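Everything in the sequence shown is counted per full-length UniProt numbering, starting at 1 for the first residue and increasing by one.
Heads up, the beta-carbon is just placed ideally off N, CA and C, and yes, glycines get one too.
Nothing here was measured: the structure is a model prediction, and the numbers come from that model.
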Amino acid sequence: MTKNIAILGASGYTGAELVRLISTHPDLRIAALTGERKAGQPMASVFPFLRHLDLPDLCRIDEVDFAKIDLAFCALPHATSQAVIKALPGDLRVVDLSADFRLRDPAAYEKWYGQHHAAPELQAEAVYGLTEFYRAQISGARLVAGTGCNAATGQYILRPLIEAGCIDLDRIIMDLKCGVSGAGRALKENLLHAELSEGTAAYAVGGTHRHLGEFDQEFSAIAGREVRIQFTPHLLPMNRGILATAWLDGDADRIHNVLQARYADEPFVKVLPFGTTPSTHDVRGSNFVHIGIVGDRIPGRALVVAVLDNLCKGSSGQAVQNANLMLGLPETTGLMGAPVFP
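Put into C-alpha cells, the structure is as follows:
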C-alpha cells in the first residue's frame with residue numbers, strides 16, 4: 001500500500017534530494033511539499049531539474065492536512081525543526097534531517113548550538129538515525145534524528161574499531177573534506193564562486209565543529225569512557241561529497257578485517273580490498289559508502305579513508321532508508337541506484 005509523504009522544507013538542497021529519491025520510490029507518494037518563503041510556487045520554478053515530475057505546489061506548513069500523511073520528512077534548519085515538530089500531531093512518524101534531535105543531552109545541545117532546546121521531551125524520544133547501528137530502534141520509532149553528514153562519515157570508520165578495541169582511543173586524528181552543498185542553499189559570501197573556486201580552506205578548526213558533539217556522544221557510549229578525537233573539516237570547491245581520512249594507531253590488517261566483517265552484510269557500505277582507497281566520484285549521487293584501509297610506513301599505524309555523498313547517504317538517502325524501516329518497507333527500496341559518473 002502506497003504511503004503518503006510530506007516534505008517540510010522542500011526548497012532546500014536536502015528537500016530537493018528527497019524529492020529526487022522519492023520520485024522513483026515504488027511505495028512512497030509525495031502528497032505535500034512546504035516552503036514558507038516560496039509558498040504558492042511550483043517546485044519546477046524552484047528546482048527546474050524536477051520539472052518532469054507531477055508534484056504538488058509548495059505551501060505553508062499550516063496548510064498541510066497531516067491526517068492524510070503517513071510520514072513527514074523535516075528538512076528545516078536547526079532550531080526551526082524542534083518548534084515545528086513539537087506542533088505536529090503526536091502520532092505522526094517524522095524523520096528530522098536537522099541537528100535538533102541528534103544529541104540526547106539537552107546540555108550538550110546548548111553547548112554545541114548555543115541555545116536551549118525547545119522540545120526536550122521529544123529530544124528524549126528521538127532515535128539516532130545512523131541506520132546500520134540503530135536499525136532495530138529505528139524500525140519501531142516515531143521520531144528519528146538524522147545524523148550530521150560529517151558525523152556519519154567518521155562513524156562508519158570508527159564505530160566498529162572502537163567496539164573491537166583495536167585502536168588507541170587517545171590517538172585518533174580525522175581530516176575531512178566536504179563539498180559546498182553541505183553548507184546549505186542560503187546565500188553566503190564565502191560560498192560565492194569567485195570566493196570558493198580554485199582553493200580550499202579548513203573551517204571550524206580547533207575542535208569547534210558542531211558534529212563533534214555527535215562524535216563525543218556516540219564514541220564515548222561505545223567505549224564506556226570519554227573519547228575525544230581530533231577533527232578538522234575542509235571545504236572543497238565541489239558540489240557534493242565527503243572524504244574522511246582517519247590516522248589511527250593499530251594494526252592495519254586487523255583494522256581491515258574488523259571493518260570487512262562488520263559491513264559484510266550491509267547493502268550500502270562497501271569495504272575495499274586492502275591497500276585500495278576510494279574517491280568521492282565513486283559514490284556521487286548514491287546511498288553508498290566506500291571505505292579503504294592502507295598501512296602506514298610506520299609500523300603499527302594505519303590510514304582509513306571513507307567517502308559518501310553528503311546530500312544522499314549523509315542526509316536525504318539516509319532519511320529515506322530510515323523511513324523505509326519505520327514504514328515496514330524493505331530498507332533498500334528506492335535507494336539502489338548506481339552512483340553518477342563522471
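Find the nearest neighbour of residue i within the set the options, judged by alpha-carbon distance.
i           : options                           : result
Gly35       : Pro42, Arg60 and Ile22            : Arg60
Asp341      : Asn324, Arg240, Ser315 and His117 : It should be pointed out that residue 341 corresponds to Phe in this sequence rather than to Asp. The option with the nearest alpha carbon to Phe341 is Arg240.
Ala151      : Thr131, Asp253 and Ile138         : Thr131
Val258      : His211, Pro278, Ile157 and Ser98  : Ile157
residue 343 : Lys86, Ala32 and Tyr109           : Summary: the structure shown does not reach residue 343, with the chain confined to residues 1 through 342, and so no result is reported for it.
Asp65       : Asp91, Asp265, Ala6 and Arg29     : Ala6
Cys166      : Ile30, Ser316, His256 and Ser23   : His256
Leu92       : Leu103, Ile69 and Phe101          : Ile69
Pro42       : His25, His52, Ile30 and Pro56     : Pro56
Asp168      : Gly179, Glu226 and Thr2           : Glu226
Leu28       : Gly182, Ala108, Gly300 and Leu327 : Leu327
Pro339      : Gly182, Asn287, Ser315 and Trp112 : Asn287
Ser316      : Gly129, Gly90 and Val84           : Gly129
Leu58       : Gly90, Ile30 and His52            : Ile30
Gly273      : Val283, Gln260 and Asp282         : According to the sequence shown, residue 273 is Pro rather than Gly. Among Val283, Gln260 and Asp282, the Cα nearest to that of Pro273 is on Gln260.
Ala83       : Ala67, Asp54 and Gln123           : Gln123
Leu1        : Pro26, Ala221 and Ala16           : Going by the sequence as given, residue 1 is Met instead of Leu. Nearest of Pro26, Ala221 and Ala16 to Met1, Cα basis: Pro26.
Is residue j closer than 7 Å to residue i when the C-beta atoms are compared?
i      : j      : result
Gly9   : Leu76  : yes
Tyr13  : Leu311 : yes
Glu121 : Leu143 : no
Leu97  : Ala323 : no
Gly292 : Val305 : yes
Val307 : Pro267 : no
Leu243 : Thr280 : yes
Arg262 : Pro160 : yes
Leu21  : Phe73  : no
Leu314 : His211 : A small correction: the amino acid at residue 314 is Gly; Leu does not occupy that position in the sequence shown. No. Outside cutoff.
Ala223 : Ile162 : yes
Val271 : Val289 : no
Using a Cβ-Cβ cut-off of 7 Å, state whether residue i counts as contacting chain C.
i      : result
Gln115 : Given the protein chain composition of this structure (a single chain), no chain C is represented.
With a threshold of 16 other CB atoms inside 10 Å of the CB of residue i, please say whether the residue is buried or exposed.
i      : result
Gln137 : exposed
Gln155 : buried
Lys86  : exposed
Ala202 : exposed
Gln115 : exposed
Ile298 : exposed
Glu214 : buried
Thr153 : buried
Ala107 : exposed
Lys111 : exposed
Asp309 : buried
Gly179 : buried
Val205 : exposed
Arg51  : exposed
Ala194 : exposed
For residue i, list the residues DSSP reports as bridge partners.
i      : result
Val304 : Ala246 and Ile293
His234 : Lys177 and Ala202
Tyr128 : Ala145
Arg93  : Leu71
Ala32  : Ala6
Consider the C-beta atom of residue i and the heavy atoms of the ligand COA; say whether any pair is separated by less than 6 Å.
i      : result
Lys177 : This structure does not include the ligand COA; it has no bound ligands of any sort.
*Count the C-beta pairs between the segment 178-194 and the segment 245-254 that are closer than 8 Å, then say yes if the count reaches three, no if not.*
no
*Using 8 Å as the Cβ pair cut-off and three pairs as the minimum, do the segment 44-54 and the segment 64-82 touch?*
no
*Are three or more beta carbon pairs between the segment 227-234 and the segment 164-179 nearer than 8 Å?*
yes
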